[in-house]
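S.K.:
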Amino acid sequence: MYGQFLAKQNKERIASLQQLTHTQNTWFAQNIALLTFEEVQLTTLQKMLYQVVQGLLRKNQQRHLQIVHPEQTQTIQENVLTLLAEYDDLLREAIPLPIYILIWQITSLEKLAYTTEVVDDVLDVVEWYFIHQDREVDVLDEEDLDHEEIIDLYKEAIEEKDAEAQFELGEYYSTNDSISFQPEKSIKWFELAVLQGNAEAQYVLGNYYFEGIGVTESYKRAFSLYEAAAMQGHADAANNLADMYFNGEGVPENMALAKQWFDFAATQGVAEAMFTLGIIHEQGLAVTVDEEQAFLFYKKSAESSYIEAQYRLGGIYLEGQLGQTRDVNRGLYWYEKAAEQYHVDAFYDLGFIWSKGLTGIRNIEKGIHWFKQAALQGDPEAKLQLGHIYNKAEGIPRNIKEAKKWYALAAEAGIEEATALLEELEKL
2 MYGQFLAKQN KERIASLQQL THTQNTWFAQ NIALLTFEEV QLTTLQKMLY QVVQGLLRKN
62 QQRHLQIVHP EQTQTIQENV LTLLAEYDDL LREAIPLPIY ILIWQITSLE KLAYTTEVVD
122 DVLDVVEWYF IHQDREVDVL DEEDLDHEEI IDLYKEAIEE KDAEAQFELG EYYSTNDSIS
182 FQPEKSIKWF ELAVLQGNAE AQYVLGNYYF EGIGVTESYK RAFSLYEAAA MQGHADAANN
242 LADMYFNGEG VPENMALAKQ WFDFAATQGV AEAMFTLGII HEQGLAVTVD EEQAFLFYKK
302 SAESSYIEAQ YRLGGIYLEG QLGQTRDVNR GLYWYEKAAE QYHVDAFYDL GFIWSKGLTG
362 IRNIEKGIHW FKQAALQGDP EAKLQLGHIY NKAEGIPRNI KEAKKWYALA AEAGIEEATA
422 LLEELEKL
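If you read the sequence shown in the numbering used here, its first letter stands for residue 2, the second for the next number, and so on.
1) Measuring straight from C-alpha to C-alpha, what distance separates I68 and L84?
2) For Q386, count neighbouring C-beta atoms within 10 Å of its own C-beta (all shown protein chains included) and say buried if the count is 16 or more, exposed if not.
3) Check the C-beta distance from M256 over to F265 and give it rounded, since I have them as a contact under 8 Å.
4) Please return the same chain residues whose Cβ sits closer than 8 Å to the Cβ of L154, not counting the five positions on each side in sequence.
5) Within 10 angstroms of its Cβ, does S432 collect 16 or more other Cβ (buried), or is it exposed?
6) Please tell me whether A267 and L278 are closer than 8 Å, where the distance is taken between their beta carbons.
7) Could you tell me the distance, in whole angstroms, from the CA atom of E403 to the CA atom of H344?
8) Could you pull out every residue in the same chain whose Cβ sits closer than 6 Å to the Cβ of M245, ignoring the five residues on either side in sequence?
9) Do you know offhand how far A16's Cα is from V216's?
10) Using only the alpha-carbon positions, how far apart do A414 and P381 sit?
11) Can you tell me where the alpha helix (DSSP H) with G279 in it begins and where it stops?
12) Report the rounded CA-to-CA distance for Y408 versus A383, giving the unit in angstroms.
13) Cutting at 8 Å between CB atoms, please list the residues of its own chain near L258, excluding the five before and the five after it.
14) Taking Cβ to Cβ, would you say L7 is nearer than 8 Å to E160?
15) Around the C-beta of M2, are 16 or more other C-beta atoms found within 10 angstroms, so that it is buried, or is it exposed?
16) Under a three-way DSSP split, which group does M49 fall into?
17) Going straight from the alpha carbon of Q5 to that of V41, what length do you get?
18) Under a Cβ-count criterion, where at least 16 other Cβ atoms within 10 Å of its own Cβ denotes burial, should H23 be classed as buried or exposed?
19) For E292 and H235, what's the separation of their Cα atoms in angstroms?
20) Over what stretch of residues does the alpha helix (DSSP H) that includes W407 continue unbroken?
21) Within 10 Å of its beta-carbon, does A34 have 16 or more other beta-carbons around it, so buried, or fewer, so exposed?
22) Starting from the Cα of L103, find the closest Cα among M49, V126, K373 and give me that residue.
23) Verify whether the separation of the beta carbon atoms of K156 and L43 is less than 8 Å.
24) Taking Cβ to Cβ, would you say N400 is nearer than 8 Å to L422?
25) Is I365 helix, strand or coil by DSSP?
26) DSSP state of M232, grouped into three classes?
27) Around the C-beta of M232, are 16 or more other C-beta atoms found within 10 angstroms, so that it is buried, or is it exposed?
28) Quick check on S356: does DSSP put it in helix, strand or coil?
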């Protein structure tokens, strides 16, 4: 299905390039039509890259390498690789890293097992050459160009149809903090790996469809992918599958199946699944209410560093819920663990606890600290509480200026009480 979509997209891109190159470059205008054939030859693709590299060298007034070192017996592939190696410094300054790597990857191929996918990459190079090559390119350090591993992965993915290599290429293109972040490329490689039943690719691609990253959001497709991976024992996919049953996303709500998959994921160490099992047992969803089991699942999840479980466990201890004796120190401990992971509600609750002296000891400074942490994360109620602290002077000297500042911020966030109090202070 995705292969058909990619082939259709390639034809549209080729048609657009034919129009663009008709007046700019007769060689490309004549030869680009060859890419529409189902049986595209690897030599044809490498000739495209050869023309691109030649064009860049001419543009930069470099003598053609074959004139300097005539090698009549060299293949097109050898000619391109020679040009890339000989003029590496110049090309590195003229070509963006993703395009530079694509040229190396495609040129390094010795056989073609996936035509549509490689044509897609060649089109990226040609489109850049005709549309974007005049844009300024970041010059990259030598260490940024250590791409031999990526070239090897590409060869394995295309030539050997290696699902693991295909998945790793998808991961390479999905790194958000990387210059190579291209979700559409990730999807292409994940789809190939999925066709071969790779569970990791099924899980990650399921996330792409669930969140609509680079594709149209589709709970139905996400569910199908999660289910396929879960059936192979993928714990995180099992948890996500359970979530979809639990919330009725892309499938009718089914608590019994949700619990079944949460149970499996929890036994495999997925902390989020443990937390949700806590909810299921606490609320009696498809099971008899069992506070002891709920507490144990929350505790195990919190101990596995799941932030929501840490926050929930803090509340359980502070309020003495689920059959537990009230324990302020343990409650604060787990709230602080959640706060370490920037849980905004934990920030707010810690501010409230300390500012109101709910532990038996009032500490306004700690209260202000935690309220500010929550406010910095955008919590409007925390801004209101800071306004109250500075306005009412409970434990600290009154500070009208600070009170106005925090009331104003709370008012901007839509807190009507803050608007009224700010108006009162403006009259003073």
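Cβ coordinates follow ideal geometry from the N, Cα and C atoms, glycine included.
M.R.: Considering the structure as presented:
1) Low confidence applies to I68: its pLDDT is 42, below 50, so where it sits in the model is not reliable, and the reading given next is rough at best. In a straight line, the C-alpha of I68 is about 12 Å away from that of L84.
2) buried
3) With 8 Å as the limit, M256 and F265 do not qualify as a contact, their Cβ atoms being about 15 Å apart.
4) A166, E169, L170, Y173
5) There is simply no residue 432 to check, as the chain begins at 2 and stops at 429 in what is shown.
6) yes
7) 25 Å
8) F224, G251, V252
9) 23 Å
10) 6 Å
11) 272 to 284
12) 10 Å
13) A243, Y246
14) no
15) exposed
16) helix
17) 16 Å
18) exposed
19) 29 Å
20) 401 to 413
21) exposed
22) V126
23) no
24) no
25) helix
26) coil
27) exposed
28) helix
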